[in-house]
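Protein chains: 2
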Amino acid sequence: MCCILYKQTNICGGDSIGELQFEQIEKQLIKSIKEKNFAKTAKILSDLAPVEAAELLGELVENPTEGLIIFRLLPKDFSAEVFAFLEPDQQENVATAVSDEELMALVDELAFDDKIDFIEEMPANLVTKILSFTEGRERSLVNQFLNYPEDSAGSLMTIEYVELRENMTVKQALAHVRAIGEEMETIYTLFVKGASRKLVGVLSLRELVVSSDDTLIKDISSDNVVFVYTTDDQEDVADLFKRYDFITIPVVDNEQRLVGIITVDDILDVVDVENTEDFHKMAGILPTDEEYGKTSIFREAKSRFLWLLILMLGATFTGTIIAHYEEVLLAAVVLSSFIPMLMDTAGNAGAQSSTVVIRSLSLGTVEPKDFLTIVWKEMRVSLIVGVGLSLINYLRIVYLMRMEPAVGIVVSLTLFLVIVMAKVLGGILPVIAKLVGVDPAVMASPLITTIVDTLALIAYFQIATHFLII
Amino acid sequence: MCCILYKQTNICGGDSIGELQFEQIEKQLIKSIKEKNFAKTAKILSDLAPVEAAELLGELVENPTEGLIIFRLLPKDFSAEVFAFLEPDQQENVATAVSDEELMALVDELAFDDKIDFIEEMPANLVTKILSFTEGRERSLVNQFLNYPEDSAGSLMTIEYVELRENMTVKQALAHVRAIGEEMETIYTLFVKGASRKLVGVLSLRELVVSSDDTLIKDISSDNVVFVYTTDDQEDVADLFKRYDFITIPVVDNEQRLVGIITVDDILDVVDVENTEDFHKMAGILPTDEEYGKTSIFREAKSRFLWLLILMLGATFTGTIIAHYEEVLLAAVVLSSFIPMLMDTAGNAGAQSSTVVIRSLSLGTVEPKDFLTIVWKEMRVSLIVGVGLSLINYLRIVYLMRMEPAVGIVVSLTLFLVIVMAKVLGGILPVIAKLVGVDPAVMASPLITTIVDTLALIAYFQIATHFLII
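Chains as they are written, first to last, in our numbering: chain A, 255 to 724; chain B, 255 to 724.
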């Protein structure tokens, strides 16, 4: 449960934070909207956090015209913050409905990174209009930011940081922070530039505040700085944040000039997006950028079709094997009834190992050089699991299903071999993928299942031919 | 690629940030360790970030005695920071090797949350020893923190925050921040308490700095505060950080007294842990706390055994179905060669849908109330995918494999039905799980595969009996 102090009153949500119901506020809001008292509605909303106001505005106001009226009644700087949290389609509604002057003022109020995010989502005609409002230097900056690759550090950064010069005094620096700090994304980490705008150091506001007025910035700033390039991958940037417990990291261009900063709140989103990508890849889905609720049917179908097709054709091998051993099956039709169980268990055992190893590789707790350790570990784990399951299986076949012991031996022996094979392969295939430069996530459940199914069937029929003397 | 400015020199790592090689530093270190110049080694390490020093200490120094000597030569406050980043087994080595006085000094220097993390990992005799060093009030605090449930907000929080009183002036508050700020985890968000230590507001350092000296804290602090209880689940806390872009959040007890704060760097770890748990659950692995490289073989086997067993027994149904239709199979043995393909495709199609829906539920972009939307979407997606795959399959059977069109029709029709069934079930089972209070992640690939495999076989044999007139 999560609660919010609102005007000294303690308002608690439901059981889950996700469905926070600010019941009292919502009631007031619903009433004021019903009464068409838009000024009151705007007043209630403006006491909330921007993200809450944006959500309630989207949920409660069904009529876009009314929504627009309320939005216009919000205090100017607050309305820009709310705007940043609206869904792209709501943003587009607002942007097309307001006058040019209003749109210009709104865009002007937006934080730089929110501005970029907004422009990226708008259709071309709106983008042209918005760009025509922004002035020379800012327009070229916006264009530059729009050009950074989607998953790069450049696309994540903002330009709203405080920059100090090496030879400033503490007094000058403090005055500078006070003068421009209000507009900045963070003032708690300050960045020091040297000759030709090069990044040479960082300084925390804390250190600045406790230093004496005449000290030079270069004497108190740390010259041990971790930074990233605009072209670095966002996943690597997230790893740096995790490793160093950063709140913010500087971004430089190829000449090592400071061009922006990335803050940790954007990194939380990156971690979610990257994990979703892994979940999808591991289920044989091509990555899409959009949320499930928002993709079109065709795009969703497209992202799932390719792997299903590849895997379906891959499963042809298993069919060929069965066709090849047709005579064995005809001689002992009972064998065919164990095929699904053997295939399923092989797939599941392989999926377990590959998932553990893929996740460990992605978190960096296991590396390709641990290859032999993984093989050795998976062999021993599969030995334990395999012996246990085969034994249960044998008892079931012979005592519960009352079949011949020979059948029990064939099925259980195959099961044991298949589990060991599946687990070892599940453990090493992701590592091999990583070594040859393929994303290990591809080696997850669907692919490993197809591979071990084939092996399982071959093993099954070979063992059956031997033991049942067909 | 990531680079580090180190003493004004630009040191770049390899291709990947994960394997950052501070080659120059490492060379110096290796040399100084070889020369047994431990003072120099300690000097080089103390210029690095604590996390880097801890990693290099662990990697380069193979001899524990030498490692201990170097560790002892590090500056005191730095050594505590390095200690916090050591692996639990390395921490234990240090803690048992040093004298009681040294251990006492070390524990004293540790940040409170690092202290708790350290004590939690140590064996009982060390814990008793460490607790005997800590004084009355702190000892009871430590005990209290050790008692918070593992995944609760209480277990994540630290007590090192700055607390202000409502009736302080800005001048008093600033003096307070300067006096105690050095020891605190963050001074950028300040927490305001009212009567009986209740949390009544928050204030940013930025607001404090720009306000005039005589202003009262209660006049500038925000009384609109989002907070959590010590008993709240860490996953819910992480959701709040994502929603509000927080850097820190206050934690209160049942009487709404402020007892700690949680900072965003710990939330990044929570997100990783929770995602790993989901990855494992979705592959039918019981959650373990430890990293893959560190679990024992038996624990690893145990975490995988249960689901493999359940799913193996579940696959018995499929076997029963095949046994039941033995005569159909005998009459047209060719049918059995398509069983693996049908089962695999059913499993894969179901896994895709369940993964997408499980992930959307976990991110909150889809909710149980969207049930019908999900069914409708999955039906349409599966229609497109199903028609495409069935068509390709038919052409393959009739023109490539040159089998009778009747076989092609039976297999392709089954394939189509099975894909639709699998996708719709894969979409709704996670939602149903959520509605009845089961973790949706359980409904992932392994379970859905077993369910749709059964349905696939029934459909196959029913259709075959009809069309092939057996």
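Even for Gly, the Cβ is constructed at its ideal location relative to N, Cα and C. Predicted model, so just to flag it, every value in this text is computed and none were measured.
Cβ-Cβ separation, residue j to residue i (assumed contact under 8 Å), whole Å
i, j, result
"Ala308(A)", "Phe332(A)", "11 Å between Cβ atoms; not a contact."
"Ser614(A)", "Glu545(B)", "7 Å"
"Ser636(A)", "Val664(A)", "About 19 Å separates the two Cβ atoms, so there is no contact after all."
"Val446(A)", "Leu428(A)", "With 8 Å as the limit, Val446(A) and Leu428(A) do not qualify as a contact, their Cβ atoms being about 14 Å apart."
"Asp499(A)", "Asp519(B)", "4 Å"
"Gly691(A)", "Phe559(B)", "34 Å between Cβ atoms; not a contact."
"Ala407(B)", "Ile515(B)", "Wrong, their Cβ atoms sit about 10 Å apart, outside the cutoff."
"Ala687(A)", "Leu589(A)", "With a Cβ gap of about 34 Å, Ala687(A) and Leu589(A) do not count as contacting."
"Asp726(B)", "Leu617(A)", "Look at the range of chain B in this structure, 255 to 724, and you will see that residue 726(B) is not part of it."
"Val611(B)", "Ile628(B)", "6 Å"
"Lys452(B)", "Arg511(B)", "6 Å"
"Pro694(B)", "Leu565(B)", "Wrong, their Cβ atoms sit about 18 Å apart, outside the cutoff."
"Met569(A)", "Pro594(B)", "Per the sequence shown, residue 569(A) should be read as Ala rather than Met. At roughly 5 Å, the Cβ-Cβ gap stays under 8 Å, so Ala569(A) and Pro594(B) are in contact."
"Val464(A)", "Leu444(A)", "Not really, about 14 Å apart at Cβ, beyond 8 Å."
DSSP beta-bridge partners of residue i
i, result
"Arg511(A)", "Lys452(A)"
"Tyr483(A)", "Val506(A)"
"Leu470(A)", "Thr423(A)"
"Ser406(B)", "Asp487(B)"
"Tyr765(A)", "Only positions 255 to 724 of chain A appear in this structure, which leaves residue 765(A) out of reach."
"Phe446(A)", "Sequence check: residue 446(A) is Val here, not Phe. Answer is Leu418(A) and Gly455(A), bridged to Val446(A)."
"Ile516(A)", "Ile503(A)"
"Ser476(B)", "Val456(B)"
Residue-level contact to chain B via CB, residue i, 8 Å cutoff
i, result
"Leu626(A)", "no"
"Ser300(A)", "no"
"Lys496(A)", "yes"
"Met566(A)", "yes"
"Ile324(A)", "no"
"Ile717(A)", "no"
"Val635(A)", "yes"
"Gln606(A)", "yes"
"Ile638(A)", "yes"
"His534(A)", "yes"
"Tyr415(A)", "no"
Beta carbon proximity, residue i to chain A, threshold 8 Å
i, result
"Glu355(B)", "no"
"Lys631(B)", "yes"
"Ser591(B)", "yes"
"Ile551(B)", "yes"
"Ala660(B)", "no"
"Tyr653(B)", "no"
"Arg432(B)", "yes"
"Phe559(B)", "yes"
"Ala303(B)", "yes"
"Pro700(B)", "yes"
"Asp526(B)", "yes"
Length of the line joining the Cα atoms of residue i and residue j
i, j, result
"Lys228(A)", "Ile384(A)", "This structure leaves residue 228(A) out entirely; chain A is present only between 255 and 724."
"Gln345(B)", "Leu311(A)", "52 Å"
"Ala605(B)", "Thr703(B)", "7 Å"
"Thr350(A)", "Pro304(A)", "21 Å"
"Thr423(A)", "Glu414(A)", "22 Å"
"Tyr579(A)", "Asp405(A)", "50 Å"
"Ala555(A)", "Pro541(A)", "12 Å"
"Ala698(B)", "Gly601(B)", "10 Å"
"Leu328(B)", "Ser300(B)", "6 Å"
"Val480(A)", "Asp490(A)", "13 Å"
"Ile434(A)", "Arg460(B)", "12 Å"
"Phe337(B)", "Asp371(B)", "11 Å"
"Ile441(B)", "Phe366(B)", "15 Å"
"Asn478(A)", "Glu363(B)", "23 Å"
"Arg650(B)", "Pro504(A)", "56 Å"
Residue-chain proximity (residue i, chain D), Cβ-Cβ < 8 Å
i, result
"Arg613(B)", "No chain D appears in the structure shown, which is made up of the protein chains A and B."
**Asked** Which runs of the alpha helix (DSSP H), 4 residues or longer, sit entirely within the segment 592-655 of chain A?
**Response** The segment 592-655 of chain A contains these whole alpha helix (DSSP H) runs: 593-617 and 625-649.
**Message:** What ranges does the alpha helix (DSSP H) occupy inside the segment 278-345 of chain A, keeping only unbroken runs of at least 4 residues that lie completely in it?
**Reply:** Uninterrupted alpha helix (DSSP H) stretches at least 4 residues long and entirely within the segment 278-345 of chain A occur at 292-300, 304-314, 318-327 and 330-339, given in chain order.
**Asked** Taking the runs of the alpha helix (DSSP H) that are 4 residues or longer, which of them lie wholly in the segment 521-568 of chain B?
**Response** If we require 4 residues or more, the alpha helix (DSSP H) runs fully inside the segment 521-568 of chain B come out as 551-568.
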